[in-house]
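Visitor: There's a structure below that I have some questions on.
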Ligand SMILES: Cc1cc2nc3c(=O)[nH]c(=O)nc-3n(C[C@H](O)[C@H](O)[C@H](O)COP(=O)(O)OP(=O)(O)OC[C@H]3O[C@@H](n4cnc5c(N)ncnc54)[C@H](O)[C@@H]3O)c2cc1C
């Protein structure tokens, strides 16, 4: 491949989403990934395809509405990978979010989701509450139940890449981008594969390198006068999950921790068995993105939340743990309430960088990327629409084989 329309750096959910949307719009696309599909943040998420009930508290209404719409699209397009689950919100005497607060939140959530049947919520009957996964019953006042989506983030990312490939996009992996040089025809991108350096010329470059986005900008140079890369100031915020050797709960528990943060307890499949996953945390990260890992403090925090709600569960053994990095706009405010929507930023004419965002909204984010880059590319005949492309995990073996 010598001269392509769109070169995407990173095969996380955003990189593969952009590849799919660009290929669907008729462009030639190449994705360069240094480690593997979903090797970065896209395998370290809470695996929820959700509007984000808690974002209502920070008034991120448009993000919630957009994400609920995307949830419904993904449930339709990827029924084997994205599934609705019952979510339970228990309210105790000392829970700060009171029943009225939760009712208002859930009503607004249902309204923003379009008042469909799956968006309705209810107060769980007393006798059903008693059967809920050994949930602490002392001082328990009420449990609300609503529905939201759960996925396997790796399977979803691979399925989207597979769909992009079926439209003509290509993926090179391992391929580590080591320099991006602007010239009169676009960009000359150099990457390292297993044993040598390779070059490729692209009209547009999309930087979807997740927590590595600003590191990537340091590799960019320009032969065109007076053009410099501009990065946005961001914080990397670490989030850890632990998986314990306790059989999976019957739904997803939305719990309030002692510091009032929301923590989820949810089913998680590991080695063919359904276990319990607990997450997540928010901890400012200062190191190199490659080095992120769970800290003892985070693991203790998650265990203490779990034990306070499920005190009857004894002999808890951690079988797996992982940490990922959110990319959030720099701000002095609490990490919990910072905007979670994606920011699309022209780091240099022709080089579009994606900051932050949600797994859930990858498709609409990718369509926004296409709108932004389209004016800089020749007209092409659209070959598909991403809201009509079925996503299936069974395509994966094929995708893996096609990774070069
Ligand atoms: C703890 C946590 C929980 C989350 N939970 C949810 C959730 O439940 N629901 C939800 O909707 N969202 C969630 N998110 C957000 C979501 O996971 C992320 O927005 C999303 O995964 C980011 O994907 P990405 O493609 O931008 O980045 P990444 O997945 O990190 O992909 C970037 C890729 O770029 C590659 N790369 C980097 N540098 C180079 C280079 N020089 N050359 C080639 N390749 C390179 C990396 O190897 C990596 O694969 C969560 C995030 C975190 C951190």
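In our numbering, the protein residues as written are -5 to 398.
Idealized CB from N, CA, C, for every residue including glycine.
Just so you know, these numbers come straight off a predicted model, no measurement behind them.
#1: So, at 6 Å on beta carbons, what are the nonlocal neighbours of residue 181 in its own chain, with the 5 sequence-adjacent residues on each side left out?
#2: Would you report the Cα separation of residue 262 and residue 147, rounded to the nearest angstrom?
#3: Quick check on residue 389: does DSSP put it in helix, strand or coil?
#4: Starting from residue 362, follow the beta strand (DSSP E) in both directions and report where the run begins and ends.
#5: Since residue 324 contacts residue 228 with CB under 8 Å, what's their CB separation in whole angstroms?
#6: What span of residues does the alpha helix (DSSP H) with residue 14 cover, start to end?
#7: Out of curiosity, what's the CA-to-CA distance linking residue 247 and residue 376?
#8: In the DSSP assignment, what residue or residues form a beta bridge with residue 229?
#9: From residue 133 to residue 126, what distance separates their C-alpha atoms?
#10: Once you ignore the five residues that flank residue 245 on each side, which residues in its own chain have a CB closer than 7 Å to its CB?
#11: Any chance the region 60 to 72 sits against the region 43 to 52, with 3 or more Cβ pairs inside 8 Å?
#12: Whole angstroms is fine: what's the gap from residue 356's alpha carbon to residue 362's?
#13: So, helix, strand or coil for residue 302, using DSSP?
#14: Count the other CB atoms within 10 Å of the CB of residue 268; is the residue buried (16 or more) or exposed (fewer)?
#15: Determine whether the beta carbon atoms of residue 15 and residue 367 lie at a separation below 7 Å.
#16: From 212, 302 and 219, pick the residue whose C-alpha is nearest to that of residue 178; which is it?
#17: Could you check where the beta strand (DSSP E) with residue 198 kicks off and where it finishes?
#18: For the structure I just gave you, are there three or more beta carbon pairs, one from the region 3 to 10 and one from the region 110 to 123, closer than 8 Å?
#19: Quick check on residue 55: buried or exposed, where buried means 16 or more other Cβ atoms within 10 Å of its Cβ?
#20: Under a three-way DSSP split, which group does residue 132 fall into?
#21: With 16 other CB atoms within 10 Å as the buried threshold, where does residue 398 fall?
#22: Using the three-state DSSP reduction, which class does residue 222 fall into: helix, strand or coil?
#23: Beta-carbon within less than 8 Å of residue 76's beta-carbon, same chain only, minus the 5 sequence neighbours each way: which residues are those?
#24: Please look up how many angstroms separate the CB atoms of residue 295 and residue 259, rounded, as I've assumed it's under 8 Å.
#25: Please tell me whether, using a cut-off of 6 Å, the distance from the CB of residue 263 to the nearest non-hydrogen atom of ligand 1 is below it.
#26: Sort 314, 290 and 234 by Cα distance to residue 275 and report the nearest one.
#27: Measuring alpha carbon to alpha carbon, tell me which residue in 241, 206 and 97 is nearest residue 138.
Guide: So, from the data block:
#1: Cβ neighbours of residue 181 within its own chain (closer than 6 Å, five residues either side excluded): 174, 196 and 199.
#2: Those two C-alpha atoms are separated by around 12 Å.
#3: Residue placement at residue 389 cannot be trusted, given a pLDDT of 44 that sits under 50; the coordinates are not used to answer.
#4: That residue, residue 362, is in no beta strand (DSSP E); its alpha helix (DSSP H) goes 356 to 367.
#5: With a Cβ gap of about 6 Å, residue 324 and residue 228 count as contacting.
#6: Counting along the chain, residue 14 sits inside the alpha helix (DSSP H) bounded by residues 7 to 18.
#7: Residue 247 and residue 376 have their C-alpha atoms roughly 43 Å apart.
#8: Note: residue 229 sits in a beta bridge opposite 322.
#9: Cα-Cα distance, rounded: 15 Å.
#10: Once the five neighbours on either side are set aside, the close Cβ partners of residue 245 are 79, 80, 81 and 82.
#11: By the C-beta criterion, the region 60 to 72 is judged to be in contact with the region 43 to 52, since at least 3 inter-stretch pairs fall below 8 Å.
#12: When rounded, the distance between both Cα atoms is 10 Å.
#13: Look at residue 302 here: in three-state DSSP terms it is helix.
#14: Of the other Cβ atoms in all chains shown, fewer than 16 fall within 10 Å of the Cβ of residue 268; this residue is therefore exposed.
#15: No, they are not a contact pair.
#16: The option with the nearest alpha carbon to residue 178 is 219.
#17: Counted as a single uninterrupted DSSP element, the beta strand (DSSP E) harbouring residue 198 occupies residues 191 to 201.
#18: Fewer than three pairs of CB atoms, one per stretch, sit closer than 8 Å, so the region 3 to 10 makes no contact with the region 110 to 123.
#19: Its Cβ having fewer than 16 others within 10 Å, residue 55 is exposed.
#20: Note: residue 132 maps to coil in three-state DSSP.
#21: Residue placement at residue 398 cannot be trusted, given a pLDDT of 29 that sits under 50; the coordinates are not used to answer.
#22: Looking at residue 222 - three-state DSSP - the assignment turns out to be coil, as it is neither helix nor strand.
#23: Taken in chain order, the residues that qualify are 43, 65, 68, 69, 143, 144, 145 and 150.
#24: For a cut-off of 8 Å, the C-beta gap from residue 295 to residue 259 is around 13 Å, too long to register as a contact.
#25: Short note on residue 263: C-beta not closer than 6 Å to any heavy atom of ligand 1.
#26: Measuring from the Cα of residue 275, the nearest candidate turns out to be 234.
#27: Ranking the options by Cα distance to residue 138, first place goes to 97.
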